[in-house]
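Okay, so here's the structure we're looking at.
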Amino acid sequence: MANDLLKASHEFREQLLAWYETHHRKLPWRAPPGETADPYHVWLSEVMLQQTTVKTVIPYFQGFLRRWPTLEALALSEREEILSAWAGLGYYRRAMNLHACARTVMEDYNGTFPNSEQELLKLPGIGPYTAAAIAAIAFSRPANVIDGNIERVIARYCLINTPLPAAKAEIARRASKLAPTQSAQRPGDYAQALMDLGAMICTPKAPSCGRCPVQRSCSAFAQGAAEKLPLRLKKPVKPLRRGAAFLIYRGDSLLLRRRPEQGLLAGMMEVPGTGWTSEPPSKQALLAAAPITAKFAKLRGLVRHTFTHFELELTVYRTQLPGDYDEPITQRDPRLKWVAKHELPRQALPSVMRKVIAHDQ
DNA sequence: TATTCGTGGTC
DNA sequence: TGACCAAGAAT
Numbered sequence: 000m001a002n003d004l005l006k007a008s009h010e011f012r013e014q015l016l017a018w019y020e021t022h023h024r025k026l027p028w029r030a031p032p033g034e035t036a037d038p039y040h041v042w043l044s045e046v047m048l049q050q051t052t053v054k055t056v057i058p059y060f061q062g063f064l065r066r067w068p069t070l071e072a073l074a075l076s077e078r079e080e081i082l083s084a085w086a087g088l089g090y091y092r093r094a095m096n097l098h099a100c101a102r103t104v105m106e107d108y109n110g111t112f113p114n115s116e117q118e119l120l121k122l123p124g125i126g127p128y129t130a131a132a133i134a135a136i137a138f139s140r141p142a143n144v145i146d147g148n149i150e151r152v153i154a155r156y157c158l159i160n161t162p163l164p165a166a167k168a169e170i171a172r173r174a175s176k177l178a179p180t181q182s183a184q185r186p187g188d189y190a191q192a193l194m195d196l197g198a199m200i201c202t203p204k205a206p207s208c209g210r211c212p213v214q215r216s217c218s219a220f221a222q223g224a225a226e227k228l229p230l231r232l233k234k235p236v237k238p239l240r241r242g243a244a245f246l247i248y249r250g251d252s253l254l255l256r257r258r259p260e261q262g263l264l265a266g267m268m269e270v271p272g273t274g275w276t277s278e279p280p281s282k283q284a285l286l287a288a289a290p291i292t293a294k295f296a297k298l299r300g301l302v303r304h305t306f307t308h309f310e311l312e313l314t315v316y317r318t319q320l321p322g323d324y325d326e327p328i329t330q331r332d333p334r335l336k337w338v339a340k341h342e343l344p345r346q347a348l349p350s351v352m353r354k355v356i357a358h359d360q
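If you read the first sequence in numbering that gives the first Met the number 0, its first letter stands for residue 0, the second for the next number, and so on.
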């Protein structure tokens, strides 16, 4: 009966919100239960949290807020500063979109984030999840917020046996039946409560069903099936790619190169090197990729790094040029740049490149 | 619908 | 150690 379903979803929300009052996590971008947080903080944190753990995000979020206390400050900043501050967080396209989004909101929205999912979705770097999350958390707008945590919670609560990602549509339908439909039902707290439940109780492995506020109505718990859900299709094994990188020092400076605007590590800095291919680079490839002709020493060992869809093994070569070496290579190739050692921490160097540099020491 | 995008932590 | 995976978006 439709009435029973309404009653069940109402009880679900009540139990969840009651639990949230006393068990929520205190996070730097959050407002206390019952209040809405600053849209700038919500947006910044949500973008950083895309496929990234809370623990990793916290110091970056605090660093960004210190450096750019307002949306306007961020919009006025140079992209290079933002890329440098983002270095290490991964998914670097997010940093570009962050900058573009800040400028768009300043220019087209008078510096104020739109409060509807529909408008938020138009902004760069804001997809279905982030639009729903900002609308709910910053503006108390009813929205069907679904992230990885909520996906897992719903798959268990509703005993959805279809494997992901095929189950996404079904999970969204079931979640929408439970979610708030009006502001008074605290959509922001509801979304964050579900996420906290997923992070602290309904965890991927060994869920703590004994402490779960909605255990009594959880279908997976009733079947003893919570831990095995959600099912997932097996992921293909990651191929191995190989390449070489050249550490070229001139005095105390290191030669770096800007990566292309598109693709992997877009717009970030790198140690110059070969392309990354399934076969190790040939001698010709090495010669062609080296920015200068010099006597290189091959360093012992390899730098290994795991990307989302492949593994990488880099051989590192090193050379030391005299401090007055003056071949104008940075003019011949404008992507190249000499960077003093003490400036390296402030460069837009992704983790894999920091590994390459550290491999030397 | 399927790929391409990082990184660090966990078990 | 290796496989999994975390507040997904863009194409």
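Note that beta-carbon positions come from the ideal geometry of N, C-alpha and C, so glycine has one too.
- The three-state reading of DSSP puts residue 81 in helix, counting H, G and I together.
- Measuring C-alpha to C-alpha distances from residue 322 to each of 312, 311, 243, 337 identifies 337 as the nearest.
- Contact check for residue 195 against residue 22 passes: the beta carbons are separated by less than 8 Å.
- Membership of residue 318 in the beta strand (DSSP E) is indicated by the continuous run 310–320.
- Under DSSP, residue 242 takes part in a beta bridge, and its partners are 313.
- DSSP lists no beta-bridge partner residue for residue 340.
- Three or more Cβ pairs closer than 8 Å define a contact, and the stretch 103–118 falls short of that threshold against the stretch 272–285.
- An exposed status is given to residue 216, since fewer than 16 other beta-carbon atoms sit within 10 Å of its beta-carbon.
- Distance between residue 341 and residue 357, taken at the CA atoms: about 13 Å.
- In this structure, residue 174 lies near residue 149, with their beta-carbon atoms less than 8 Å apart.
- Under DSSP, residue 297 forms a beta bridge with 316.
- A residue is called buried once 16 or more other Cβ atoms fall within 10 Å of its Cβ, and residue 98 is buried on that count.
- Within the model, the alpha-carbon separation for residue 114 versus residue 297 is close to 56 Å.
- Only residues of its own chain outside the window of five on either side were considered, and among them 306 have a CB closer than 8 Å to the CB of residue 263, listed in chain order.
- Taking 8 Å as the cut-off, the Cβ atoms of residue 192 and residue 16 count as close.
- In this structure, residue 232 lies away from residue 219, with their beta-carbon atoms at least 8 Å apart.
- If you draw a straight line from the Cα of residue 43 to the Cα of residue 326, it comes to about 43 Å.
- In the three-state reduction of the DSSP assignment, residue 57 falls in the helix class.
- Inter-residue distance for residue 242 and residue 145 is about 39 Å (C-alpha atoms, whole angstroms).
- The criterion of a C-beta distance shorter than 8 Å is satisfied by residue 311 and residue 351.
- Straight across, the Cα-Cα distance linking residue 212 with residue 20 is about 12 Å.
- According to the DSSP secondary-structure assignment, residue 129 is paired through a beta bridge with no residue.
- Taking a contact to require three or more Cβ pairs closer than 8 Å, the stretch 112–130 and the stretch 154–170 do not qualify as touching.
- For residue 291, same chain residues with a beta-carbon under 7 Å away, outside a window of 5 residues either side, are 247, 326, 328 in chain order.
- With a minimum length of 3 residues, the unbroken runs of beta strand (DSSP E) contained wholly in the stretch 224–291 fall at 239–249, 252–257.
- Residue 304 carries a strand assignment under DSSP once its states are collapsed to helix, strand and coil.
- Rounded to the nearest angstrom, the gap between the Cα atoms of residue 151 and residue 343 is 41 Å.
- In this structure, the alpha-carbon of residue 268 lies about 15 Å from that of residue 77.
- Put simply, the backbone Cα of residue 237 is about 28 Å away from that of residue 125.
- Boundaries of the alpha helix (DSSP H) harbouring residue 39: 38–47, taken from the DSSP string.
- Only residues of its own chain outside the window of five on either side were considered, and among them 248 have a CB closer than 7 Å to the CB of residue 319, listed in chain order.
- Under DSSP, no beta-bridge partner is assigned to residue 70.
- Following the DSSP letters along the chain, one finds residue 155 inside the alpha helix (DSSP H) bounded by residues 147–156.
- Leaving aside the five residues that flank residue 81 on each side, the residues in its chain whose CB is nearer than 7 Å to its CB run, in chain order, 94, 97, 98.
- When secondary structure is reduced to three states using DSSP, residue 26 falls in the coil class, being assigned neither helix nor strand.
- Assignment of residue 193 by DSSP, reduced to helix, strand and coil, places it in the helix class.
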